[in-house]
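Right, one structure below, let's go through it.
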Amino acid sequence: MDRILIRGGNRLNGTIPISGAKNSALTLLPCALLTDEPLTLRNLPRLADVDSFGHLLNQLGCSTMIEGTRPEDFGRVMTMRAGSVSATIAPYDIVRKMRASILVLGPLLARAGEAKVSLPGGCAIGNRPIDLHLKALEAFGAEMETESGYVTARAKGGRLPGGTMIFPVVSVGATENALMAASRAKGTCIIENAAREPEIVDLCKLLVAMGVHIDGIGTETLTIEGVDRLHGATYRVMADRIEAGSYACAVGIAGGSVDLLGADASEMAATLDALRQAGVQVEEHKKGIKVSADGPLGPLTLSTAPYPGFATDMQAQFMAMLLKADGASVLTETIFENRYMHVPELMRMGADIQVKGRTAVVRGVDRLAGAPVMATDLRASMSLIIAGLAAEGETQVNRVYHLDRGYERLEEKLQAVGADIERVSDG
Ligand code: EPZ
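Each number in the numbering used here corresponds to the 1-based position in the sequence shown with 252 added.
Written as structure tokens, this is what we have:
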């Protein structure tokens, strides 16, 4: 198992290329199942979850071919082709390792008229049920059946009749499954209280490029006119706004000045506002975002919310950045019920954090001390890296496979801007 060692205290200066967005790639990849024509995605990040999704697509009869990298992209080009769908099941052993596998449910139902997907089970940050995914497909006319840990969805006559789904809470994944299921429906599908994350907009743009008619893109009401056949397309995955925000937090606590190449400020307003409020200088330009910091930051009061609110995926990273702020910050996690797994690990480094229910009070300290710490989930792992960059002595982050799911070449990117960081493999 690999570990990452960080010796803190270095300021960060230089350029970090921002990769394609993991959470966009994981919903664009299953779109290959919607057509028998080739789908080419550009700027795909080199991540464990993207590789796992490719293997799942192969098991469903979809070929995948990596074709190098375009000069204007950081990520790879991959062409997929599902000439026919040889299976319509996402098995437990795949879904339990990568929850995003449930995003084949909508495409398989749309293409093959049926799909069987394992219920994913919980994960470190919460129970994360998929009831809203199933309710959306049912609202569009699918016949649903749940048995022995699997859910089966069927479209009578092979295509969904259409209908209206009003989400009681905003769900990114359920909105994505609903959009993909609706893409071949016979009638109109309407999604009310849809998620508005930029990754949803990326998915809508790809579906439109494949021939689907969608109104209301970027709003909470989406109207989809399904088509008999979708055609192939070539599409560039958006930049990863969470990766960019994570590195901005690293600069915030370590100090220095880093250009986040490829970051799109228009998709990060809440993150950039919070950074500025804390005292980080943020300069948006046409090729990315330059962030600079020098000296202690001010405290913040932040509450996570669906987009365009402050992203839950940024909570752990901001908590790490605020560990040495001048004063007490208050963070409230409203999306997931257990997204403070990083707190006990940060406290081992000398952080002063008190958690009460969904709220964490972070009192700034003068000094953090490096320590061996344990990664528990993707964003929690990044918060440990960020804290390690400003801690005295050596921090050893264990179980970095969590990080490899969502951060491409993390140690290389940080080494390139002056961090004293290395990956050690236990062989
Ligand atoms: C996506 O997860 C992201 N993952 C998550 O990023 C992100 O934290 C989350 O959206 C919120 O922005 C991917 O895109 C692959 P949700 P998702 O459905 O779709 C509840 C990361 O670190 N809910 O918007 O699973 C759920 O329990 C990951 O990159 C139901 O109750 O999130 C949660 O409390 C972590 N029933 C809330 O809704 C459902 O059927 C929001 O979840 C579905 C969700």
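Here a beta-carbon is modelled for each residue, glycine too, at the ideal position from N, C-alpha and C.
Within a 10 Å sphere around the beta-carbon of Arg-294 sit 16 or more other beta-carbons, which makes this residue buried.
The residue among Arg-600, Thr-553 and Ala-352 with its C-alpha nearest the C-alpha of Asn-275 is Ala-352.
Distance from the Cα of Val-613 is smallest, within the candidate group Met-601, Leu-620 and Gly-579, for Gly-579. Residues of the same chain with a CB within less than 7 Å of the CB of Ile-418, apart from the 5 flanking positions on each side, are Glu-444 and Asn-445 in chain order.
A Cβ-Cβ distance of about 5 Å is found for the pair Thr-267 and Asp-511, placing them in contact under the 8 Å criterion. By the Cβ-count criterion, Arg-619 is exposed, with fewer than 16 other Cβ atoms from all chains shown falling within 10 Å of its own Cβ. Excluding its 5 nearest sequence neighbours in each direction, Ala-577 has C-beta neighbours in its own chain below 8 Å: Ala-530, Pro-548, Leu-549, Gly-550, Pro-551, Leu-552, Val-614 and Gly-616, listed in chain order.
A distance below 6 Å between beta-carbons, with the five flanking residues on each side excluded, links Gln-606 to the following residues of its chain, in chain order: Val-613.
Nearest in C-alpha terms to Ala-572, of all of Asp-604, Asn-590, Asp-546 and Ala-557, is Asp-604. If you ignore the 5 residues before and after Arg-298, its C-beta comes within less than 6 Å of the C-beta of Glu-660, all in its own chain and listed in chain order.
Note on geometry: alpha-carbon atoms of Lys-368 and Thr-404 lie some 4 Å from one another. Boundaries of the beta strand (DSSP E) around Asp-467: 465-467. For His-483, the secondary structure class from DSSP, reduced to helix, strand or coil, is coil.
Within the same chain, Cβ atoms closer than 6 Å to the Cβ of Gly-658 are found at Lys-274 and Leu-630, the five residues on either side in sequence being excluded. Annotation for Arg-259: no alpha helix (DSSP H) segment contains it, though the beta strand (DSSP E) segment containing it runs 254-259.
Across the structure, Gly-470 and Val-676 are spaced so that their CA atoms are roughly 43 Å apart. The C-beta of Glu-664 has fewer than 16 other C-beta atoms within 10 Å across all chains shown, which makes the residue exposed.
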